[in-house]
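Following: one structure in structure tokens, then a few remarks.
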Amino acid sequence: MTAQKTGKEIRLPIHKTLQREIEEPIKDRQGFEYLFKSRGGLNKPITSKTAWLKIKQVGEYFGVYRLGTRSIRKTF
6 MTAQKTGKEI RLPIHKTLQR EIEEPIKDRQ GFEYLFKSRG GLNKPITSKT
56 AWLKIKQVGE YFGVYRLGTR SIRKTF
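Residues in the sequence shown are numbered consecutively from 6, following my numbering.
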């Protein structure tokens with residue numbers, strides 16, 4: 006991964022199981038396809054509201070509340 010602001014390479018250890026889960030949905034994509042597509046159209050991105058809702062739901066599932074799309078940026 007490369008930091009957008011500094012251009013420095015960032016290396017993060019990823020568990021093999023997580024790596025497989027990440028690679029599975031992207032292995033068959035061709036050309037420019039969105040990873041998270043909307044239900045309403047062909048190769049249309051999800052909205053920011055949908056992204057926020059999904060992240061919030063996953064956070065709550067794991068007992069992490071007050072999680073949103075901007076929270077992810079604070080991880081690194």
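Positions of the beta carbon are idealized from the N, C-alpha and C atoms, including for glycine. The model shown is predicted, which means the values in this text are computed figures rather than measured ones.
- Between lysine 61 and leucine 72, the C-beta spacing is below 9 angstroms.
- At a Cβ-Cβ threshold of 9 angstroms, alanine 56 and phenylalanine 37 do not count as neighbours.
- CA-CA distance, threonine 74 to lysine 59, rounds to 9 angstroms.
- Annotation for alanine 56: the continuous alpha helix (DSSP H) segment containing it runs 53-66.
- For proline 50, the three-state secondary structure derived from DSSP is strand.
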